[in-house]
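Visitor: The sequence shown begins at 140 in our numbering and counts up one residue at a time.
Pasting in a structure now, in structure tokens, and then I'll have a few things to ask.
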Amino acid sequence: MEKRRFYITTPIYYPSDKLHIGHTYCTVATDAMARYKRLTGCEVMFLTGTDEHGQKIEDKAKEAGVTPQQYVDNIVTGPRGVLDLWKLMNISNDRFIRTTDDYHVTAIQKIFKKMHDNGDIYKGIYKGKYCKPCESFWTESQLVEGKCPDCGREVQDAEEEAYFFKLSKYADKVQHLLEDTDFLEPRSRVNEMVNNFIKPGLEDLCVSRTSFTWGIPVDFDPGHVVYVWVDALSNYITALGYCNDKYHDYDSWWPGIHFVGKEIVRFHSIIWPAMLMSLGEPLPKKVFGHGWLLLDGGKMSKSKGNVVDPYILAEMFGVDALRFFLLRTFPFGSDGNFSNEALIQTINVDLANDLGNLLSRTVSMVGKYFGGQLPAGCGPIEEELHFAEGCAKRNCIGAGVEPGGTACDLELIALAASLRNRYEDAMEHFAFQNALTEIFKVIDRANKYIDENAPWVLAKDMEANGPRLAHVMYNLLETLRICAILLTPFIPTSAAEVLRQVGACEACSSWDSAGQWGALAGDLTVRRGENLFPRVDADKALRELEAAAEAAKKAALPDLEIEPQLEEKVDFDTFCKSDFRAVKVKDCQPVKKSDKLLKFTLDDGTGTDRQILSGIAKWYKPEDLVGKTLMAIVNLPPRKMMGLESNGMLISAVHTEKGEEQLNLLILDGKIPAGAKMC
Ligand code: MSP
């Protein structure tokens, strides 16, 4: 039988900066879905990548003093870049597309020409409101209080010759697609799209630019580059070989499913289907718009600078713990508040206490009471097998005592044997959180089962209770086996380790066997391993996270910042009115109750001591300055500070290093006499 095929994608991310936990969230969710489909026997194509063109990247590269290509290369393939991050997070993508890849560039030129030739792309004048950080154009009516509806920043008027895509032509078809099919999920996003974008009237879409050069050139009209959304959205098909020779499996994979954040649902559910209609290609099977991870109630974003670094979290808590937290805590379709406290709590409660303890207690009891190997025949009795089969078929979790078992055995068996059904139902609806909740209900029940059966009491009389104890252990291992198989898409490394420890063979680690109670051999051997999920000391971890975030912030700051020179000119006469003099330090003292001020007694060449207060205590010790010749402006009006009078100001040079202000007094050659005029 031919395998079912499943094609799934993440958005292609902007490499304008390092990726953060929000991007990781979407990629981990897509990975879990891809792994789940592989587990169920599908052939899977999982695509992710980077969206590398556009004005913002051009600007960022200029700021960094490198070419745009060098800039994106560093973020994508450089150390701790995008590729490294997905490797670290154990992402199982089959392909990775960069929009600067040659094959994609040629394909976009062909796609653009195709749409131009069929009359859906035409030339006009673009007038609109442009939000630079978001690289989005908005109509007046879409602005919120005159600002960008996505990020709330100022927008600019923009006008230029440009090509347009006849989006308006497809408005009715797209509306039908959204309203009358399950194309867009969650369903709540459909109203948003129809009411906010389609009903007010879909305008044609500007698809080329002349105001920047970092983009794919329109080959039949030099000076125009393809504006980002045509370039970006087409990645989903160029990566399969559409309009290029790099790959040849477009027909076998397309159409697929797109996971995207809610802010780009508009592009994926309106523009993308319209583009495909224009090209005469099949539409995506589905677009799922997931929610945002919020930080302090607001969206995490690179342009706002309030981002959480997935590297720090994965290195501190482990990749699987981070993956698990992301999908266990937040319902995929809604927003959720990210916090380090919630992450630690989830690790400690679900992974360390519930799953970790169940595994280590069970495996160590099998070691202690049976030398690591259960006696043959301890597996399920006939009635239990029938009962389990029935539960799996009817998806029943109600116990009902049946002959041959005890009530708690049957309750556990019923829950575990039917788990795969409930899990599958949740996974097919992209409800990762619900799938995990179902697994953890079974894990909770198994922990309770240990307490109910008190194996340590049974073990006191092995002769009488040995077979019962072995059966209890078997039930626990079997429950762990089923849960571990179903956890594989979420925590691949740890789930494999659970399966190893409970002695599961390959056949009893499969999707089919996750729906069968009793697949483990009766005389199995457990293999003890390390504690999979150690408890996290919350206070210590939070302190370390704060320190790591601080260090990362510092490392990201520029080495040297110098204030830009003033544009405004000052006339020579005004300049000459400032009286700069050499002054010699006769005495220098800290000022009581002030961390900043030093009080100087200076010889200014007039024969009368001059007192100047200067806020430089952070950089100088008073005793080091006595005897030095400095530069001061001496005709400023007197000023009172901390009750003392200051007559002038010492001149120093200031700059910023790694975010810290640095100050150096102008120390003059000692040969210069006090009072000498500077000019
Ligand atoms: N390049 C476009 C997408 C083009 S797809 C053809 C883009 N890139 S992006 O770098 O801004 O990434 C956006 C995606 O990253 C979101 O749609 C979402 O999947 C993910 N996230 C970025 N920040 C996020 C949160 N704070 N929370 C959850 N996901 C977030 O848009």
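Ideal Cβ positions, reconstructed from N, Cα and C, are used throughout, including at glycine.
Indicate whether GLY395 and MET184 have their beta-carbon atoms separated by less than 9 Å.
Guide: The answer is yes: Cβ separation under 9 Å.
Visitor: Tell me whether LYS385 counts as near the ligand MSP, meaning its Cβ is closer than 8 Å to at least one heavy atom of that ligand.
Guide: Checking every heavy atom of the ligand MSP against the Cβ of LYS385, none is found closer than 8 Å.
Visitor: Contact between the region 584-595 and the region 605-617: three or more CB pairs below 8 Å?
Guide: Cβ pair count under 8 Å is three or more, so yes.
Visitor: Might you give, ordered along the chain, the residues of its own chain that have their beta carbon closer than 6 Å to the beta carbon of GLU617, omitting 5 neighbours on each side?
Guide: So the qualifying residues of the chain are LEU659.
Visitor: In whole angstroms, what is the alpha-carbon distance linking ALA771 and GLY787?
Guide: When rounded, the distance between both Cα atoms is 7 Å.
Visitor: How about the region 207-219 and the region 665-684: do they share at least three Cβ pairs that are nearer than 8 Å?
Guide: Contact between the region 207-219 and the region 665-684 is absent, because fewer than three Cβ pairs lie under 8 Å.
Visitor: Could you name the residues that DSSP lists as bridge partners for LEU180?
Guide: For the record, residue 180 in the displayed sequence is Gly; it is not Leu. DSSP, once it has assigned bridges, lists no residue as partnering GLY180.
Visitor: Does the separation of the CB atoms of ALA527 and GLN655 fall below 9 Å?
Guide: Closer than 9 Å, so yes.
Visitor: Determine the closest residue to TYR269 out of GLU702, ALA694, GLN281, with distance taken between C-alpha atoms.
Guide: The shortest Cα separation from TYR269 among GLU702, ALA694, GLN281 belongs to GLN281.
Visitor: For TRP277, which residues does DSSP report across the bridge?
Guide: Bridge partners of TRP277: LYS268.
Visitor: Could you check whether the Cβ of MET439 sits closer than 8 Å to any heavy atom belonging to the ligand MSP?
Guide: MET439: yes, Cβ under 8 Å from the ligand MSP.
Visitor: Could you check whether the Cβ of PRO412 sits closer than 8 Å to any heavy atom belonging to the ligand MSP?
Guide: It does not: the Cβ of PRO412 is nowhere closer than 8 Å to a heavy atom of the ligand MSP.
Visitor: Do you know how far the Cα of ASP600 is from the Cα of THR187?
Guide: About 58 Å.
Visitor: Taking the DSSP output, what are the residues bridged to MET133?
Guide: There is no way to answer for residue 133, as the model of the chain reaches only from 140 to 818.
Visitor: Just verifying my parser: in three-state terms, what is the DSSP assignment at ALA721?
Guide: Residue state, collapsed to three classes: strand.
Visitor: For the region 553-565 and the region 573-588, state whether three or more C-beta atom pairs, one from each stretch, are separated by less than 8 Å.
Guide: A contact exists between the region 553-565 and the region 573-588.
Visitor: Alpha carbon to alpha carbon, how far is VAL283 from TRP650?
Guide: So the two alpha carbons sit approximately 49 Å from each other.
Visitor: Distance check for LYS338 and ASP190, CA to CA, integer angstroms please.
Guide: Approximately 30 Å between the Cα atoms of the pair.
Visitor: Return helix, strand or coil for VAL365, following the three-state DSSP convention.
Guide: DSSP places VAL365 in strand when its eight states are reduced to three.
Visitor: The ligand MSP and HIS159: does the residue's C-beta get closer than 8 Å to at least one heavy atom of that ligand?
Guide: Because some heavy atom of the ligand MSP lies under 8 Å away, the Cβ of HIS159 counts as near it: yes.
Visitor: Specify whether the region 771-782 and the region 712-728 touch according to this definition: at least 3 beta carbon pairs, one from each stretch, less than 8 Å apart.
Guide: The region 771-782 is in contact with the region 712-728.
Visitor: Between TYR153 and ASP435, what straight-line distance do the alpha-carbon atoms span, to the nearest angstrom?
Guide: Between TYR153 and ASP435, the C-alpha separation is close to 23 Å.
Visitor: Does the Cβ of MET781 have 16 or more other Cβ atoms within 10 Å, making it buried, or fewer, making it exposed?
Guide: Exposed, by the Cβ-count rule.
Visitor: Taking the DSSP output, what are the residues bridged to ASP296?
Guide: Bridge partners of ASP296: LYS268.
Visitor: Do the CB positions of ASP358 and ALA691 come within less than 9 Å of each other?
Guide: Against a cut-off of 9 Å, the Cβ pair of ALA691 and ASP358 comes out as no contact.
Visitor: Determine whether the beta carbon atoms of LEU432 and ASN479 lie at a separation below 9 Å.
Guide: No, Cβ-Cβ distance for LEU432 and ASN479 is not below 9 Å.
Visitor: Three or more C-beta pairs closer than 8 Å, one from the region 785-800 and one from the region 696-707: is that the case here?
Guide: Because the criterion of three Cβ pairs below 8 Å is met, the region 785-800 and the region 696-707 touch.
Visitor: Hey, would you say TYR302 sits closer than 9 Å to ALA413, going by beta carbons?
Guide: Their beta carbons are not under 9 Å apart, which means TYR302 does not touch ALA413 by this criterion.
Visitor: Flag GLU683 as yes when its Cβ comes closer than 8 Å to any non-hydrogen atom of the ligand MSP, and as no otherwise.
Guide: No, the ligand MSP has no heavy atom inside 8 Å of this Cβ.
Visitor: Would you tell me roughly how many angstroms separate the C-alpha atoms of CYS715 and ALA815, rounded to the nearest one?
Guide: The straight-line gap from Cα to Cα measures roughly 15 Å.
Visitor: Is there contact between the region 310-328 and the region 337-351, where contact requires at least three CB pairs shorter than 8 Å?
Guide: Yes: at least three Cβ pairs fall under 8 Å.
Visitor: Starting from the Cα of ASP548, find the closest Cα among PHE569, ILE578, ASN586 and give me that residue.
Guide: For the residues PHE569, ILE578, ASN586, the minimum Cα distance to ASP548 belongs to ASN586.
Visitor: Got a sec? Which residues, its chain only, sit under 7 Å from ASN229 by beta carbon, not counting five neighbours each side?
Guide: So the list reads VAL458, PRO631, THR632, once near-sequence residues are dropped.
Visitor: Residues in its own chain within less than 8 Å of ILE578 by CB, not counting five upstream and five downstream?
Guide: Cβ neighbours of ILE578 beyond the five flanking positions: LEU558, TYR562, CYS622, LEU625, LEU626.
Visitor: Given this structure, state the Cα-to-Cα distance separating ASN803 from TYR759, to the nearest angstrom.
Guide: ASN803 and TYR759: Cα-Cα distance of roughly 9 Å.
Visitor: Excluding five sequence neighbours on each side, which residues of the same chain lie with their C-beta closer than 8 Å to the C-beta of LYS425?
Guide: Once the five neighbours on either side are set aside, the close Cβ partners of LYS425 are ASP321, PHE322, LEU323, GLU324, ILE396, HIS397.
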